Amino acid sequence: MSRKLAAEFFGTLWLVLGGCGSAVLAATFPQVGIGLVGVSLAFGLTVLTMAFAIGHISGCHLNPAVTCGLVASGRFKASEAVPYIVAQLVGASIGAFLLYTIASGQPGWDIAVKGLATNGFGEASPGKYAFGAGFVTEVVMTFFFLMVILGSTSERAPKGFAPIAIGLCLTLIHLISIPVTNTSVNPARSTGPALVVGGVALQQLWMFWVAPIIGAVVAGVVHRWLSTEGPVDVLDRAAAEASARSATPEALAPATAREPR
338 MSRKLAAEFF GTLWLVLGGC GSAVLAATFP QVGIGLVGVS LAFGLTVLTM
388 AFAIGHISGC HLNPAVTCGL VASGRFKASE AVPYIVAQLV GASIGAFLLY
438 TIASGQPGWD IAVKGLATNG FGEASPGKYA FGAGFVTEVV MTFFFLMVIL
488 GSTSERAPKG FAPIAIGLCL TLIHLISIPV TNTSVNPARS TGPALVVGGV
538 ALQQLWMFWV APIIGAVVAG VVHRWLSTEG PVDVLDRAAA EASARSATPE
588 ALAPATAREP R
(Lines of atoms letter the chains of each structure in order from A and count residues from 1; the text may use other names and numbers.)
(Lines give C-alpha, C1' and ligand atoms only; values in the text may rest on other atoms or scores of the structure.)
Protein backbone atom coordinates (compact mmCIF):
# COMPACT_ATOMS: atom_id res chain seq x y z
CA MET A 1 0.00 0.00 0.00
CA SER A 2 2.84 2.41 0.80
CA ARG A 3 4.17 2.13 -2.76
CA LYS A 4 0.73 2.89 -4.17
CA LEU A 5 0.40 5.98 -1.97
CA ALA A 6 3.89 7.15 -2.90
CA ALA A 7 3.00 6.74 -6.58
CA GLU A 8 -0.16 8.82 -6.11
CA PHE A 9 1.84 11.47 -4.25
CA PHE A 10 4.45 11.86 -6.98
CA GLY A 11 1.91 11.59 -9.78
CA THR A 12 -0.34 14.33 -8.40
CA LEU A 13 2.66 16.52 -7.64
CA TRP A 14 3.67 16.18 -11.29
CA LEU A 15 0.15 17.00 -12.48
CA VAL A 16 0.06 20.27 -10.52
CA LEU A 17 3.65 21.23 -11.29
CA GLY A 18 3.32 20.40 -14.98
CA GLY A 19 -0.24 21.53 -15.62
CA CYS A 20 -0.49 24.58 -13.39
CA GLY A 21 3.18 25.32 -14.03
CA SER A 22 2.57 25.61 -17.75
CA ALA A 23 -0.21 28.13 -17.06
CA VAL A 24 1.82 30.20 -14.60
CA LEU A 25 5.26 30.08 -16.21
CA ALA A 26 4.70 29.58 -19.93
CA ALA A 27 1.17 30.56 -21.00
CA THR A 28 1.93 34.25 -21.53
CA PHE A 29 5.70 34.16 -21.87
CA PRO A 30 6.64 37.01 -24.24
CA GLN A 31 6.52 36.11 -27.94
CA VAL A 32 6.54 32.33 -27.43
CA GLY A 33 3.80 31.85 -24.83
CA ILE A 34 1.96 28.54 -25.19
CA GLY A 35 -1.53 29.99 -24.56
CA LEU A 36 -4.74 28.10 -23.81
CA VAL A 37 -3.99 25.28 -26.24
CA GLY A 38 -0.55 24.71 -24.78
CA VAL A 39 -1.83 24.67 -21.21
CA SER A 40 -4.57 22.23 -22.17
CA LEU A 41 -2.03 19.94 -23.77
CA ALA A 42 0.27 20.21 -20.76
CA PHE A 43 -2.42 18.94 -18.40
CA GLY A 44 -3.14 16.06 -20.74
CA LEU A 45 0.54 15.20 -21.01
CA THR A 46 1.01 15.10 -17.24
CA VAL A 47 -1.66 12.42 -16.95
CA LEU A 48 -0.50 10.53 -20.03
CA THR A 49 3.11 10.37 -18.86
CA MET A 50 2.19 9.39 -15.31
CA ALA A 51 -0.22 6.73 -16.54
CA PHE A 52 2.71 4.98 -18.20
CA ALA A 53 5.01 5.68 -15.25
CA ILE A 54 2.85 4.62 -12.30
CA GLY A 55 -0.33 3.15 -13.76
CA HIS A 56 0.91 -0.37 -13.03
CA ILE A 57 1.66 0.60 -9.42
CA SER A 58 -1.34 2.57 -8.17
CA GLY A 59 -3.70 2.84 -11.13
CA CYS A 60 -2.70 6.49 -11.58
CA HIS A 61 -5.79 8.15 -10.10
CA LEU A 62 -4.12 11.51 -9.23
CA ASN A 63 -7.57 12.84 -8.46
CA PRO A 64 -10.04 12.35 -5.56
CA ALA A 65 -12.93 12.49 -8.03
CA VAL A 66 -11.41 9.65 -10.06
CA THR A 67 -10.95 7.61 -6.89
CA CYS A 68 -14.59 8.21 -5.88
CA GLY A 69 -15.81 7.39 -9.38
CA LEU A 70 -13.88 4.12 -9.40
CA VAL A 71 -15.37 3.19 -6.02
CA ALA A 72 -18.87 3.94 -7.36
CA SER A 73 -18.18 1.75 -10.39
CA GLY A 74 -17.06 -1.16 -8.23
CA ARG A 75 -13.54 -1.03 -9.64
CA PHE A 76 -11.76 0.19 -6.49
CA LYS A 77 -11.94 -0.73 -2.80
CA ALA A 78 -13.72 1.87 -0.67
CA SER A 79 -11.35 1.09 2.21
CA GLU A 80 -8.40 2.41 0.17
CA ALA A 81 -10.09 5.60 -1.01
CA VAL A 82 -9.23 7.86 1.94
CA PRO A 83 -5.48 7.03 1.98
CA TYR A 84 -5.36 7.60 -1.79
CA ILE A 85 -7.07 10.98 -1.48
CA VAL A 86 -4.74 12.06 1.33
CA ALA A 87 -1.69 11.14 -0.78
CA GLN A 88 -3.13 13.08 -3.72
CA LEU A 89 -3.77 16.16 -1.59
CA VAL A 90 -0.27 16.13 -0.13
CA GLY A 91 1.24 15.73 -3.60
CA ALA A 92 -0.86 18.58 -5.01
CA SER A 93 0.06 20.86 -2.11
CA ILE A 94 3.78 20.18 -2.44
CA GLY A 95 3.51 20.66 -6.21
CA ALA A 96 1.81 24.04 -5.71
CA PHE A 97 4.44 25.11 -3.19
CA LEU A 98 7.25 24.12 -5.58
CA LEU A 99 5.55 26.08 -8.35
CA TYR A 100 5.28 29.12 -6.09
CA THR A 101 8.97 28.81 -5.21
CA ILE A 102 9.93 28.74 -8.88
CA ALA A 103 7.55 31.48 -10.03
CA SER A 104 8.51 33.88 -7.25
CA GLY A 105 12.09 33.80 -8.52
CA GLN A 106 11.10 36.12 -11.37
CA PRO A 107 11.68 39.81 -10.59
CA GLY A 108 8.43 41.62 -9.94
CA TRP A 109 6.32 38.45 -9.82
CA ASP A 110 3.37 38.88 -7.45
CA ILE A 111 1.19 35.95 -6.41
CA ALA A 112 -1.72 38.33 -5.77
CA VAL A 113 -1.59 39.37 -9.43
CA LYS A 114 -0.36 36.25 -11.21
CA GLY A 115 -1.87 33.57 -8.98
CA LEU A 116 -1.13 29.86 -9.36
CA ALA A 117 -3.74 28.85 -11.93
CA THR A 118 -6.40 28.59 -9.24
CA ASN A 119 -9.99 27.72 -10.07
CA GLY A 120 -12.96 30.01 -9.56
CA PHE A 121 -16.35 31.29 -10.62
CA GLY A 122 -17.90 34.74 -10.85
CA GLU A 123 -15.18 37.36 -10.62
CA ALA A 124 -12.61 34.59 -10.12
CA SER A 125 -13.57 32.91 -13.41
CA PRO A 126 -11.28 33.67 -16.38
CA GLY A 127 -14.37 34.56 -18.42
CA LYS A 128 -16.41 35.86 -15.45
CA TYR A 129 -18.84 32.93 -15.72
CA ALA A 130 -21.45 32.69 -12.95
CA PHE A 131 -21.58 30.01 -10.28
CA GLY A 132 -24.28 27.99 -12.06
CA ALA A 133 -22.32 27.79 -15.29
CA GLY A 134 -19.19 26.78 -13.41
CA PHE A 135 -20.97 24.11 -11.38
CA VAL A 136 -22.61 22.53 -14.42
CA THR A 137 -19.33 22.66 -16.34
CA GLU A 138 -17.42 20.85 -13.61
CA VAL A 139 -20.09 18.18 -13.15
CA VAL A 140 -20.41 17.47 -16.88
CA MET A 141 -16.69 17.58 -17.68
CA THR A 142 -15.84 15.25 -14.79
CA PHE A 143 -18.65 12.90 -15.79
CA PHE A 144 -17.22 12.46 -19.27
CA PHE A 145 -13.66 12.26 -17.95
CA LEU A 146 -14.66 9.29 -15.80
CA MET A 147 -16.59 7.70 -18.65
CA VAL A 148 -13.44 7.75 -20.77
CA ILE A 149 -11.30 6.46 -17.90
CA LEU A 150 -13.67 3.61 -17.10
CA GLY A 151 -14.23 2.71 -20.73
CA SER A 152 -10.61 2.80 -21.85
CA THR A 153 -9.44 0.72 -18.86
CA SER A 154 -12.16 -1.89 -19.25
CA GLU A 155 -11.10 -5.48 -19.85
CA ARG A 156 -12.99 -5.34 -23.14
CA ALA A 157 -11.19 -2.22 -24.39
CA PRO A 158 -8.11 -2.39 -26.66
CA LYS A 159 -5.04 -2.93 -24.50
CA GLY A 160 -2.33 -0.31 -24.09
CA PHE A 161 -4.25 2.71 -25.35
CA ALA A 162 -5.88 3.90 -22.12
CA PRO A 163 -3.21 6.51 -21.22
CA ILE A 164 -3.55 8.10 -24.65
CA ALA A 165 -7.34 8.24 -24.51
CA ILE A 166 -7.33 9.63 -20.97
CA GLY A 167 -4.63 12.22 -21.69
CA LEU A 168 -6.40 13.43 -24.83
CA CYS A 169 -9.72 13.57 -22.98
CA LEU A 170 -8.22 15.79 -20.28
CA THR A 171 -6.72 18.01 -22.99
CA LEU A 172 -10.13 18.37 -24.64
CA ILE A 173 -11.78 19.13 -21.29
CA HIS A 174 -9.32 21.97 -20.70
CA LEU A 175 -9.87 23.36 -24.19
CA ILE A 176 -13.58 23.55 -23.40
CA SER A 177 -13.61 24.74 -19.81
CA ILE A 178 -10.54 26.87 -19.06
CA PRO A 179 -12.53 30.04 -19.87
CA VAL A 180 -15.29 28.99 -17.46
CA THR A 181 -13.57 27.79 -14.27
CA ASN A 182 -9.92 27.50 -15.29
CA THR A 183 -10.75 23.76 -15.35
CA SER A 184 -10.61 21.66 -12.25
CA VAL A 185 -12.32 18.25 -12.66
CA ASN A 186 -9.89 17.39 -9.86
CA PRO A 187 -10.32 18.49 -6.22
CA ALA A 188 -6.64 17.90 -5.46
CA ARG A 189 -5.50 20.07 -8.38
CA SER A 190 -7.76 22.85 -7.03
CA THR A 191 -6.77 22.41 -3.39
CA GLY A 192 -2.99 22.65 -3.76
CA PRO A 193 -2.87 26.08 -5.43
CA ALA A 194 -5.77 27.38 -3.30
CA LEU A 195 -3.91 26.58 -0.08
CA VAL A 196 -0.88 28.54 -1.27
CA VAL A 197 -2.81 31.50 -2.72
CA GLY A 198 -5.62 31.71 -0.14
CA GLY A 199 -8.31 34.38 -0.42
CA VAL A 200 -11.12 33.85 -2.94
CA ALA A 201 -9.55 30.66 -4.27
CA LEU A 202 -9.86 29.10 -0.82
CA GLN A 203 -13.36 30.49 -0.27
CA GLN A 204 -14.63 28.97 -3.53
CA LEU A 205 -12.75 25.69 -3.16
CA TRP A 206 -15.79 23.79 -1.88
CA MET A 207 -17.41 23.93 -5.34
CA PHE A 208 -14.39 22.23 -6.89
CA TRP A 209 -14.87 19.33 -4.51
CA VAL A 210 -18.62 18.97 -4.72
CA ALA A 211 -19.15 19.32 -8.48
CA PRO A 212 -16.36 16.97 -9.69
CA ILE A 213 -17.26 14.28 -7.16
CA ILE A 214 -20.93 14.41 -8.18
CA GLY A 215 -19.96 14.04 -11.83
CA ALA A 216 -17.53 11.22 -11.07
CA VAL A 217 -19.92 9.21 -8.90
CA VAL A 218 -22.74 9.52 -11.44
CA ALA A 219 -20.34 8.36 -14.17
CA GLY A 220 -19.28 5.41 -12.05
CA VAL A 221 -22.87 4.30 -11.57
CA VAL A 222 -23.81 4.88 -15.22
CA HIS A 223 -20.78 3.06 -16.59
CA ARG A 224 -21.37 0.15 -14.24
CA TRP A 225 -24.90 -0.13 -15.64
CA LEU A 226 -23.73 0.21 -19.24
CA SER A 227 -21.13 -2.50 -18.71
CA THR A 228 -23.55 -5.01 -17.20
CA GLU A 229 -23.85 -7.93 -19.57
CA GLY A 230 -27.35 -8.81 -20.67
CA PRO A 231 -28.52 -12.00 -22.43
CA VAL A 232 -27.45 -10.73 -25.87
CA ASP A 233 -23.96 -9.93 -24.58
CA VAL A 234 -23.61 -13.38 -23.04
CA LEU A 235 -24.70 -15.12 -26.25
CA ASP A 236 -22.34 -12.99 -28.33
CA ARG A 237 -19.44 -13.81 -26.04
CA ALA A 238 -20.28 -17.53 -26.08
CA ALA A 239 -20.41 -17.49 -29.87
CA ALA A 240 -17.08 -15.66 -30.06
CA GLU A 241 -15.43 -18.13 -27.68
CA ALA A 242 -16.80 -21.08 -29.64
CA SER A 243 -15.51 -19.57 -32.87
CA ALA A 244 -12.07 -19.01 -31.32
CA ARG A 245 -11.92 -22.60 -30.10
CA SER A 246 -12.90 -23.95 -33.50
CA ALA A 247 -10.06 -21.98 -35.08
CA THR A 248 -7.30 -23.49 -32.90
CA PRO A 249 -4.77 -25.81 -34.56
CA GLU A 250 -6.04 -28.70 -32.44
CA ALA A 251 -9.63 -28.18 -33.57
CA LEU A 252 -8.61 -27.85 -37.22
CA ALA A 253 -6.36 -30.94 -37.22
CA PRO A 254 -7.68 -34.28 -38.53
CA ALA A 255 -9.15 -36.52 -35.84
CA THR A 256 -6.28 -38.99 -36.22
CA ALA A 257 -3.73 -36.24 -35.57
CA ARG A 258 -5.16 -35.16 -32.22
CA GLU A 259 -3.78 -36.44 -28.98
CA PRO A 260 -6.04 -38.90 -27.18
CA ARG A 261 -7.91 -37.40 -24.24
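Residue 338 is where the sequence shown starts when you use my numbering, and the numbers rise one by one after that.
The beta-carbon is built from N, C-alpha and C at its ideal position, and this holds for glycine as well.
On a predicted model such as this, the values are computed, not experimentally measured, just so you know.
Next item on the list: Return yes when at least one heavy atom of the ligand ADP lies under 7 Å from the C-beta of residue 455, else no.
Entry: Of the ligands one can find in the structure shown there are none, so the ligand ADP has no counterpart to examine.
Notebook entry, point to check: Just curious, the alpha helix (DSSP H) that residue 549 is in, first and last residue?
Noted result: 544-563
Margin query: Below 8 Å, how does it come out for the region 480-493 and the region 416-434: are there three or more Cβ pairs, yes or no?
Written below: No, because fewer than three Cβ pairs between the region 480-493 and the region 416-434 fall closer than 8 Å, the two stretches do not touch.
Next item on the list: Report, in whole angstroms, the separation of the C-beta atoms of residue 453 and residue 384, which I expect to be a contact under 8 Å.
Entry: No, residue 453 and residue 384 are not in contact; Cβ-Cβ is about 19 Å, not under 8 Å.
Notebook entry, point to check: Helix, strand or coil: which one does DSSP assign to residue 446?
Noted result: coil
Margin query: Using a Cβ distance threshold of 8 Å, determine whether the region 457-464 contacts the region 513-527, with at least three qualifying pairs required.
Written below: yes
Check: Which parts of the region 356-411 are runs of the alpha helix (DSSP H), unbroken and 4 residues or longer, counting only runs that do not cross its ends?
Finding: 372-395, 401-410
Next item on the list: Would you mind sorting residue 492 into buried or exposed? The rule is 16 or more other CB atoms within 10 Å of its CB.
Entry: Classified as exposed, residue 492 has fewer than 16 neighbouring CB atoms from the shown chains inside 10 Å of its CB.
Checklist line | Reduced DSSP secondary structure (H/G/I, E/B, other) of residue 493 | finding: coil
Note to self: Suppose the cutoff is 6 Å on Cβ atoms and the five residues either side in sequence are ignored; what does the same chain contact list for residue 548 look like?
What the structure shows: Closer than 6 Å at Cβ, skipping near neighbours: 472, 475, 476.
Next item on the list: Compute the beta-carbon to beta-carbon distance between residue 561 and residue 395, rounded to the nearest angstrom, for a pair I have assumed lies under 8 Å.
Entry: That belief does not hold up - the Cβ atoms of residue 561 and residue 395 are roughly 21 Å apart, past 8 Å.
Next item on the list: Output the boundary residues of the alpha helix (DSSP H) element that contains residue 435.
Entry: 418-440
Next item on the list: Decide if residue 565 is buried, meaning its Cβ has at least 16 other Cβ atoms within 10 Å, or exposed.
Entry: exposed
Next item on the list: Determine, using beta-carbon pairs with one atom in the region 375-393 and one in the region 347-365, whether at least three such pairs fall under 8 Å.
Entry: yes
Item checked: residue 361 vs residue 440 beta-carbon contact at 8 Å -> yes
Notebook entry, point to check: What residue from 423, 369, 371, 555 has the CA that sits closest to residue 348's CA?
Noted result: 423
Check: Would DSSP call residue 512 helix, strand or coil?
Finding: Residue 512 falls in the helix class under three-state DSSP.
Item checked: Burial state of residue 563 (16 or more Cβ within 10 Å) -> exposed
Next item on the list: Specify the secondary structure class of residue 349 as computed by DSSP and reduced to three states.
Entry: Residue state, collapsed to three classes: helix.
Item checked: Beta-carbon contacts of residue 556 that lie in its chain and below 6 Å, excluding the five residues immediately before and after -> 406, 480, 483, 484
Item checked: When 420, 404, 466, 502 are compared against residue 522, the one with the closest alpha-carbon -> Nearest C-alpha to residue 522 among 420, 404, 466, 502: 404.
Next item on the list: Please state whether DSSP places residue 465 in a helix, a strand or coil.
Entry: DSSP places residue 465 in coil when its eight states are reduced to three.
Note to self: What would DSSP say about residue 413, mapped onto helix, strand or coil?
What the structure shows: In this structure, residue 413 counts as coil in the three-state DSSP scheme.
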